[in-house]
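Enquirer: Pasting a structure below so you can have a look.
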Ligand code: SF4
């Protein structure tokens, strides 16, 4: 599947097209038609999100403007006059080779994690959920993995053909995601390429960093051959609460892995992506303290953190919590911010993101415009975590003393 950004729905790339022309991974017939439409001043429907923002008011700036900032005016003019059927090389590309992952985080699903597939295969679908319209917890999403791990995957082969021939000359940034990319043999093949070849392309990778020591050592050694390597990892709570949310995580080992990577790896950036869900709020301030400790040891960019508020699955949103608990967490976060606001290791963006989350907990009442009403979300919260506890051998009430008391009343 391919899409030009995260707003339009991805569309299928016919396999026969990439076998004869690897650039068809991106240059699909559909995108060529859409290019032609834009050159004629028409609006492809997939970009509706941005048109709507621009139509609200004359000065509104939509995401397509921000995303186009990597192109000069000259580049944009060239795009305007170029034959829409030409195969264009990319400037930025995010790619997932497969969905192999050793974690099964509560907010993830089988489309992105083979561990999630294992849960559904072993225990069957989660039952009695009302708001799971996309069947994230009832369906194994086999279409997310059309080729078995040992089978030749023509899409992956097409990527390497394109990358090795000329993509590495034009791409400004390549970002690898998953699953867990370090569990994919294709990632190691790409890292080997960096060892033997030169490119100016920046390389970024998402990783849960719950990897084996030998893989961590191999990654550290591979980073020595990459000019500009950024690693993005995720967590948002501490100790057993983090292990509950991100099933598969070993908190102490994860911290050791980070320490080793930052001490021995050649990293131009290290980023902590926090997925702000209902459960993490209990220990989020302590987690942010941990980020500050790292910054104080390794420098203010190691890590930078972002607080990304979870909207799907909506029953895991922080907004399902009752007002008194939400207020308590909001006040804890406010105290954390008041204490750390003038700490020089914090970036303005991190302060703003923390303030934004405090405001969100204060003002916003529904996770997103199409979210189910509160009784349905509360039903799903209780039904989901009671099944998650049984399947994953966990105990919600013992793990989350504050939320657990309320959970017992559902
Ligand atoms: S580590 Fe990432 S891909 Fe794996 S289960 Fe968690 S969120 Fe999903």
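Residue numbers (our numbering): 1 to 410. For glycine and all other residues, C-beta sits at the position ideal for the given N, C-alpha and C.
Can you tell me whether residue 4 sits near the ligand SF4, meaning its C-beta is under 6 Å from at least one heavy atom of the ligand?
Expert: No; taking the cut-off as 6 Å, the Cβ of residue 4 has no heavy atom of the ligand SF4 nearer than that.
Enquirer: Output the residue ranges of the alpha helix (DSSP H) runs that lie fully inside the segment 66-116 and measure 4 residues or longer, sorted by chain position.
Expert: Listed in chain order, they are 73-81.
Enquirer: Considering residue 202, what are the terminal residues of the alpha helix (DSSP H) in which it resides?
Expert: No alpha helix (DSSP H) holds residue 202; the beta strand (DSSP E) holding it covers 202-206.
Enquirer: Going by DSSP in three states, residue 5 sits in which element: helix, strand or coil?
Expert: Residue state, collapsed to three classes: coil.
Enquirer: Is DSSP giving residue 281 helix, strand or coil here?
Expert: Three-state DSSP puts residue 281 in a helix.
Enquirer: Would you list the one or two residues that DSSP bridges to residue 269?
Expert: Answer is 230, bridged to residue 269.
Enquirer: Is it right to say residue 387 is buried, meaning 16 or more other beta carbons lie within 10 angstroms of its own, or is it exposed?
Expert: By the 10 Å Cβ count, residue 387 comes out buried.
Enquirer: Whose C-alpha, out of 232, 276, 392 and 202, is nearest the C-alpha of residue 326?
Expert: Here the closest residue by C-alpha is 276.
Enquirer: If residue 247 and residue 384 are in contact, beta carbons under 8 Å, what's the gap, nearest whole angstrom?
Expert: So it is not a contact: roughly 13 Å between Cβ atoms.
Enquirer: At which residues does the beta strand (DSSP E) containing residue 305 begin and terminate?
Expert: Its beta strand (DSSP E) spans residues 304-309.
Enquirer: Tell me whether residue 60 is buried or exposed, calling it buried when 16 or more other Cβ atoms sit within 10 Å of its Cβ.
Expert: Burial call: exposed.
Enquirer: Measuring from the CB of residue 235, is there a heavy atom of the ligand SF4 at a distance below 6 Å?
Expert: Every heavy atom of the ligand SF4 is 6 Å or more from the Cβ of residue 235, so no.
Enquirer: Give a single yes or no on whether residue 104 has its beta carbon closer than 6 Å to a heavy atom of the ligand SF4.
Expert: Yes; taking the cut-off as 6 Å, the Cβ of residue 104 has a heavy atom of the ligand SF4 nearer than that.
Enquirer: In chain order, which alpha helix (DSSP H) runs of at least 4 residues are fully inside the segment 177-204?
Expert: Counting only runs of 4 or more, we get 185-196.
Enquirer: Which of helix, strand or coil does DSSP assign to residue 439?
Expert: Summary: the structure shown does not reach residue 439, with the chain confined to residues 1 through 410, and so no result is reported for it.
Enquirer: Which of helix, strand or coil does DSSP assign to residue 403?
Expert: Helix.
Enquirer: In the structure shown, what three-state DSSP assignment does residue 35 receive?
Expert: Residue state, collapsed to three classes: helix.
Enquirer: State the beta-bridge partners of residue 173 as determined by DSSP.
Expert: Answer by DSSP bridge pairing, in chain order: 92 and 202.
Enquirer: Check whether the Cβ of residue 208 sits closer than 6 Å to any heavy atom of the ligand SF4, and report yes or no.
Expert: Yes, the beta carbon of residue 208 sits closer than 6 Å to at least one heavy atom of the ligand SF4.
Enquirer: Along the chain, where does the alpha helix (DSSP H) that runs through residue 156 open and close?
Expert: Unbroken alpha helix (DSSP H) run through residue 156: 154-162.
Enquirer: Report the three-state DSSP secondary structure of residue 168 (helix, strand or coil).
Expert: Three-state result, residue 168: helix.
Enquirer: Report yes if the C-beta of residue 101 is less than 6 Å from at least one heavy atom of the ligand SF4; otherwise report no.
Expert: Flag set: Cβ of residue 101 near the ligand SF4.
Enquirer: The alpha helix (DSSP H) spanning residue 375 covers which residue range?
Expert: Where residue 375 is concerned, the enclosing alpha helix (DSSP H) stretches over 374-392.
Enquirer: Can you give me the Cβ contacts of residue 48 inside the same chain, cut-off strictly under 7 Å, excluding the 5 residues immediately before and after it?
Expert: Around residue 48: no qualifying Cβ.
Enquirer: Would a C-beta distance cut-off of 7 Å place residue 236 and residue 291 closer than the cut-off?
Expert: Contact flag unset, no.
Enquirer: Assign residue 318 to buried or exposed, taking buried as 16 or more other Cβ atoms, counted over all protein chains shown, within 10 Å of its Cβ.
Expert: So residue 318 ends up on the buried side.
Enquirer: Does DSSP put residue 275 in a helix, in a strand, or in coil?
Expert: Residue 275 falls in the strand class under three-state DSSP.
Enquirer: Suppose you measure from the CA of residue 197 to the CA of residue 120; what does that come to, to the nearest Å?
Expert: Residue 197 and residue 120: Cα-Cα distance of roughly 42 Å.
Enquirer: Based on the DSSP secondary-structure assignment, which residues constitute the bridge partners of residue 11?
Expert: Bridge partners of residue 11: 2.
Enquirer: In its own chain, which residues sit with a C-beta less than 8 Å from the C-beta of residue 341, not counting the 5 before and 5 after it?
Expert: Cβ within range, chain order: 351.
Enquirer: Decide if residue 316 is buried, meaning its Cβ has at least 16 other Cβ atoms within 10 Å, or exposed.
Expert: It counts as buried.
Enquirer: So, residue 168 versus residue 118, is the Cβ gap smaller than 7 Å?
Expert: No, the pair does not count as a contact, with Cβ atoms beyond the cut-off.
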